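In the numbering used here, the protein residues as written are 13 to 138. All C-beta atoms in this analysis are idealised placements derived from N, C-alpha and C, irrespective of residue type, glycine included. Here the structure is a predicted model, which is why all the values come from computation and not from measurement. These notes are about the structure you will find just below.
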């Protein structure tokens, strides 16, 4: 699953660049992700807290309140969110019980890769 996570994330990181310079587009993506996550909370229970952390960081970055996030980490987060909201991914979200496994793997992979930056964000939040 680690390789799928890496490949899936790379595919969406390229698209994520479009969101770096368009705050309205980033806000729309976040709104879409929050809605999808809320509708599928049970299926996402293993990564729920991590997703909320990523969403919060993007919200604070998008508002201009948080600026200490490196561009590479920001692209990974946006790529993971794009992967999550995309109807086209490695395991269809419509498959009962397994549809969000790949999404959870991408989130977990992202969190592992940028754990230092996420800790910095947590420290800033508290």
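Where residue i falls: helix, strand or coil (DSSP)
{"i": "residue 126", "result": "coil"}
{"i": "residue 131", "result": "helix"}
{"i": "residue 74", "result": "helix"}
{"i": "residue 89", "result": "helix"}
{"i": "residue 137", "result": "helix"}
{"i": "residue 81", "result": "coil"}
{"i": "residue 97", "result": "helix"}
{"i": "residue 57", "result": "coil"}
{"i": "residue 34", "result": "coil"}
{"i": "residue 67", "result": "helix"}
{"i": "residue 112", "result": "coil"}
Nearest-angstrom Cα separation, counted from residue j out to residue i
{"i": "residue 105", "j": "residue 79", "result": "Residue placement at residue 105 is poorly supported in this model, since its pLDDT is 45, which falls under 50; the coordinates are not used for a value here."}
{"i": "residue 116", "j": "residue 81", "result": "22 Å"}
{"i": "residue 48", "j": "residue 114", "result": "15 Å"}
{"i": "residue 99", "j": "residue 44", "result": "12 Å"}
{"i": "residue 61", "j": "residue 38", "result": "21 Å"}
{"i": "residue 109", "j": "residue 137", "result": "Residue placement at residue 109 is flagged as unreliable, the pLDDT there being 46, under the threshold of 50; a coordinate-derived value is accordingly withheld."}
{"i": "residue 135", "j": "residue 35", "result": "24 Å"}
{"i": "residue 3", "j": "residue 57", "result": "No answer is possible for residue 3: the residues shown for the chain start at 13 and end at 138."}
{"i": "residue 89", "j": "residue 68", "result": "11 Å"}
Beta-carbon proximity check, residue i vs residue j, cutoff 8 Å
{"i": "residue 42", "j": "residue 70", "result": "yes"}
{"i": "residue 66", "j": "residue 93", "result": "yes"}
{"i": "residue 91", "j": "residue 25", "result": "yes"}
{"i": "residue 86", "j": "residue 73", "result": "yes"}
{"i": "residue 95", "j": "residue 118", "result": "yes"}
Q: Could you tell me whether the region 120 to 134 touches the region 36 to 54, using the rule of 3 or more Cβ pairs below 8 Å?
A: no
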